[in-house]
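**Student:** Residue numbers (our numbering), protein chains in the order written: chain A, 1 to 201; chain B, 1001 to 1201. We treat Cβ as the ideally placed atom computed from N, Cα and C, and that holds for glycine. Note that this is a predicted model, so its numbers are computed, not measured. Questions regarding the structure given below will be posed in turn.
Protein chains: 2
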Amino acid sequence: MTTVLESATLGLVTPDTRSDTRRRMIHGAARAIGTRGVGAMSLRDLAKEAGVPLGSTYHHFPGGKAQLAEEAVTSTGRRVAKLVESAREQGIDGAIAAFTRVWRELLVETDFRTGCPVLAVATGDDPELTETARGIFASWQDLMVAGLVDGGVPAERAPGLARMIVASLEGAVAVSRAERSLEPLDQVSAELITLVQAARS
Amino acid sequence: MTTVLESATLGLVTPDTRSDTRRRMIHGAARAIGTRGVGAMSLRDLAKEAGVPLGSTYHHFPGGKAQLAEEAVTSTGRRVAKLVESAREQGIDGAIAAFTRVWRELLVETDFRTGCPVLAVATGDDPELTETARGIFASWQDLMVAGLVDGGVPAERAPGLARMIVASLEGAVAVSRAERSLEPLDQVSAELITLVQAARS
DNA sequence: GTCTATACGAAGATAGAC
DNA sequence: GTCTATCTTCGTATAGAC
């Protein structure tokens, strides 16, 4: 059984999801952040959705809202990184496609109401969360760099292209939300494939 | 002198800035939205920064927070559109450079604390503001389409490229904020120039 | 017409009953 | 250990004094 002490002392070292409640709250928090941003995310709503009293939030997350937001964003970062990493077997095009698919499915699932929670905290004003976002963007870019180099893109062009891939798809998710259409995301994804293709030769 | 009646009846038709106070509050609102998002924007803070009592906010903006946010975002949209439109004399590269420069200067001015307010409302959960963001993105994309076609890009490729330009630079501003560096924005801008160049031939 | 004072609700967080 | 009830703060909005 998870104790308060364990959560408090091991939380940052092993930010896994030890209980169903924790898992549900982290998932709900990621959704809420992607939908409304951290500021407008309400712990009351999250607790209600997870079916637990508000007070329990502070049992599972002694650090309160800050800890929950942090874990929600890092959890999303790791999950997406794993999907992209797996798809690297199909080359850089596969990695781009996998990254695109994550956001595509999120947009469809939520009827364009929810976007990337990492972008949300990157555009917020909490310095700690901004730093977390930086690290996650960096990890995604590193995966793309590896894929690009494997795919025959010159090493000196790879970092710029990797930034382009992450930044443009993050922006495309936002534009797709505004337009309530998958077209922006799909078009950007297609443009990226041609851009990478051109960089190969 | 501006009356409440005029503001209420003409607000949406002629959303100009009739007084210094209005101007200052709209400017402050745009900054706050770009920094923290609409939800975390406080009318108290805005009034304090503008040097007016909180109550005066509702004299100048009878529609309250919603009206102020709406005017702040549309004001930014028009201002940026004008800058891009002017730069189209220097071709599509000039338009991309102008769009890049707007956000570059904002990031430097605010030490990476403030991004594009249009992206902020596009990633928020207010449907009215999301629709406003859609219209502004569309206006920017239309300008890019015109520039691309003028620059010799085939008409059928122009819309996709225009979306790519707007989406990738919007995303790049967010990544630049997270990294506290202009490198992402500048690299994306450079990649866009090469992408457009390739599309010309 | 301008601004002070306040109403009212919702937020995060916590104390303490069980 | 879990959850109820509450504390404090801060948000938007407004009523009414001047």
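Where do the ends of the alpha helix (DSSP H) carrying Arg-44 (chain A) lie?
**Tutor:** Sequence index remark: in the first sequence, residue 44 (chain A) carries index 44 (1-based). Where Arg-44 (chain A) is concerned, the enclosing alpha helix (DSSP H) stretches over 43-50.
**Student:** Can a CB atom of chain A be found closer than 8 Å to the CB of Pro-1154 (chain B)?
**Tutor:** Translated into positions along the second sequence, residue 1154 (chain B) becomes position 154. No, no contact with chain A.
**Student:** Do we get a CB-CB distance below 8 Å when we pair Phe-137 (chain A) with the residues of chain B?
**Tutor:** Here residue 137 (chain A) refers to the residue found at position 137 of the first sequence. Yes, Phe-137 (chain A) counts as interfacial toward chain B.
**Student:** Quick check: is the beta carbon of Val-1188 (chain B) nearer than 8 Å to any beta carbon in chain A?
**Tutor:** If you number the second sequence from 1, residue 1188 (chain B) lands on position 188. So, interface residue.
**Student:** Once the 5 residues before and after Ala-1029 (chain B) are set aside, which same chain residues still bring their CB inside 7 Å of it?
**Tutor:** Counting from 1 along the second sequence, the entry for residue 1029 (chain B) is found at position 29. If we look at Ala-1029 (chain B) and ignore the five residues flanking it on each side, its Cβ neighbours are Met-1041, Leu-1046, Leu-1068, Ala-1069 and Ala-1072.
**Student:** Short check: CB of Val-261 (chain A) to CB of Asp-126 (chain A), under 8 Å?
**Tutor:** This structure cannot speak to residue 261 (chain A), because chain A is shown only from 1 to 201.
**Student:** Considering only residues of the region 1038-1125 of chain B, which uninterrupted alpha helix (DSSP H) runs meet the minimum length of 4 residues and lie entirely inside it, listed in chain order?
**Tutor:** Whole alpha helix (DSSP H) segments, 4+ residues: 1043-1050, 1054-1060, 1064-1087, 1091-1109 and 1117-1122.
**Student:** Put Val-153 (chain A) into one of helix, strand or coil per three-state DSSP.
**Tutor:** Residue mapping note: residue 153 (chain A) aligns to position 153 of the first sequence, counting from 1. Residue state, collapsed to three classes: coil.
**Student:** Would you mind reading off the limits of the alpha helix (DSSP H) that contains Arg-31 (chain A)?
**Tutor:** Translated into positions along the first sequence, residue 31 (chain A) becomes position 31. It spans 20-36 - the alpha helix (DSSP H) in which Arg-31 (chain A) sits, taken as one unbroken run.
**Student:** Beta carbon of Ile-92 (chain A), beta carbon of Val-173 (chain A): below 8 Å?
**Tutor:** Locating residue 92 (chain A) in the first sequence gives position 92, where the first residue counts as 1. Locating residue 173 (chain A) in the first sequence gives position 173, where the first residue counts as 1. No, these two residues do not count as a Cβ contact at 8 Å.
**Student:** Taking 8 Å as the CB-CB cut-off, is Gly-11 (chain A) touching chain B?
**Tutor:** On the first sequence, position 11 is the one that residue 11 (chain A) refers to. Confidence in Gly-11 (chain A) is poor, its pLDDT being 39 and thus under 50, which makes the residue's placement unreliable; the coordinate value appears in the next sentence. No - not a single Cβ of chain B is within 8 Å of the one on Gly-11 (chain A).
**Student:** Which whole-angstrom value is the C-beta distance of Phe-112 (chain A) and Ser-176 (chain A), which I expect to be below 8 Å?
**Tutor:** As a first step, residue 112 (chain A) must be located in the first sequence, where it is residue number 112. As a first step, residue 176 (chain A) must be located in the first sequence, where it is residue number 176. About 7 Å; that satisfies the 8 Å criterion.
**Student:** Going by C-alpha to C-alpha distance, which of A:Gly-55, A:Met-164, A:Ala-133 and A:Pro-184 sits closest to Arg-104 (chain A)?
**Tutor:** One-based indexing of the first sequence puts residue 104 (chain A) at position 104. The option with the nearest alpha carbon to Arg-104 (chain A) is A:Pro-184.
**Student:** Report the CB separation of Ser-168 (chain A) from Ser-1168 (chain B) in whole angstroms; it is logged as a contact under 8 Å.
**Tutor:** Numbered from its first residue, the first sequence carries residue 168 (chain A) at position 168. Numbered from its first residue, the second sequence carries residue 1168 (chain B) at position 168. Yes, they are in contact, since the Cβ atoms of Ser-168 (chain A) and Ser-1168 (chain B) sit about 3 Å apart, within 8 Å.
**Student:** What's the gap between the Cα of Asp-16 (chain A) and the Cα of Arg-1078 (chain B)?
**Tutor:** Within the first sequence, numbered from 1, the residue matching residue 16 (chain A) stands at position 16. Within the second sequence, numbered from 1, the residue matching residue 1078 (chain B) stands at position 78. Low confidence applies here, because Asp-16 (chain A) scores a pLDDT of 41, under 50, leaving its location unreliable; read the following figure in that light. If you take the alpha carbons of Asp-16 (chain A) and Arg-1078 (chain B), they lie about 46 Å apart.
**Student:** For a contact defined as C-beta to C-beta under 7 Å, what are the partners of Val-1149 (chain B) on chain A?
**Tutor:** In the second sequence, the residue the question calls residue 1149 (chain B) occupies position 149. Correct list: empty, because the minimum Cβ distance to chain A is about 17 Å.
**Student:** Within its chain, find whatever has a CB closer than 7 Å to the CB of Leu-54 (chain A); leave out the 5 residues flanking it on each side and keep chain order.
**Tutor:** The residue given as residue 54 (chain A) occupies position 54 in the first sequence. Leu-43, Arg-44 and Ala-47.
**Student:** Check distances from the C-beta atoms of the region 1101-1130 of chain B to those of chain A and list, in chain order, the residues that come in under 8 Å.
**Tutor:** If the cut-off is 8 Å between Cβ atoms, the region 1101-1130 of chain B has Arg-1113, Gly-1115, Leu-1119, Ala-1120, Ala-1122, Thr-1123, Gly-1124, Asp-1125 and Thr-1130 near chain A.
**Student:** Can you tell me where the alpha helix (DSSP H) holding Val-163 (chain A) begins and where it ends?
**Tutor:** Taking the first residue of the first sequence as 1, we reach residue 163 (chain A) at position 163. For the sequence presented, residue 163 (chain A) should be read as Arg rather than Val. It spans 158-179 - the alpha helix (DSSP H) in which Arg-163 (chain A) sits, taken as one unbroken run.
**Student:** Please decide whether Gly-28 (chain A) counts as near chain B, where near means a Cβ-Cβ distance under 8 Å.
**Tutor:** Start at 1 with the first residue of the first sequence, and residue 28 (chain A) comes out as number 28. No - not a single Cβ of chain B is within 8 Å of the one on Gly-28 (chain A).
**Student:** Which one of A:Gln-141, A:Gly-64, A:Ala-97 and A:Val-108 has the shortest CA to CA distance from Ala-182 (chain A)?
**Tutor:** Here residue 182 (chain A) refers to the residue found at position 182 of the first sequence. The question names Ala, but residue 182 (chain A) is Leu in the sequence shown. Selected option, being the one with the closest Cα: A:Val-108.
**Student:** Could you name the residues of chain A that Ala-1133 (chain B) contacts, counting a contact when the two beta carbons are closer than 8 Å?
**Tutor:** Within the second sequence, residue 1133 (chain B) is the residue found at index 133, counting from 1. The answer, in chain order, is Ala-178.
**Student:** Going by C-alpha to C-alpha distance, which of B:Val-1080, B:Ala-1178 and B:Ala-1032 sits closest to Ala-1138 (chain B)?
**Tutor:** On the second sequence, position 138 is the one that residue 1138 (chain B) refers to. Closest by alpha carbon: B:Val-1080.
**Student:** For a contact defined as C-beta to C-beta under 8 Å, what are the partners of Gly-39 (chain A) on chain B?
**Tutor:** The count along the first sequence starts at 1 and reaches residue 39 (chain A) at position 39. Arg-1036, Gly-1037, Gly-1039 and Ala-1040, listed in chain order.
**Student:** Under 8 Å between C-beta atoms, does Ser-1075 (chain B) make it to chain A?
**Tutor:** Counting from one through the second sequence, the residue named residue 1075 (chain B) turns up at place 75. It does not; no Cβ of chain A falls within 8 Å.
**Student:** At a CB-CB cut-off below 8 Å, which residues of chain B make contact with Val-84 (chain A)?
**Tutor:** Along the first sequence, one-based indexing puts residue 84 (chain A) at 84. Here the premise fails: no neighbours, minimum Cβ distance about 16 Å.
**Student:** Compare the C-beta of Leu-161 (chain A) with all C-beta atoms of chain B and state if any pair is closer than 8 Å.
**Tutor:** For the purposes of this step, residue 161 (chain A) is identified with residue 161 of the first sequence, where counting begins at 1. It does; some Cβ of chain B falls within 8 Å.
**Student:** Cα separation between Leu-10 (chain A) and Gly-135 (chain A)?
**Tutor:** Walking along the first sequence from the start, residue 10 (chain A) turns up at place 10. Walking along the first sequence from the start, residue 135 (chain A) turns up at place 135. Here Leu-10 (chain A) scores only 37 on pLDDT, less than 50, and its place in the model should not be relied on; the value that follows carries that caveat. Cα to Cα, the separation comes out at about 20 Å.
**Student:** Return the chain-ordered list of same chain residues with a C-beta closer than 7 Å to the C-beta of Arg-31 (chain A), the five sequence neighbours on each side being excluded.
**Tutor:** Along the first sequence, read from residue 1 onward, the residue named residue 31 (chain A) stands at position 31. Answer for Arg-31 (chain A): Thr-114, listed in chain order.
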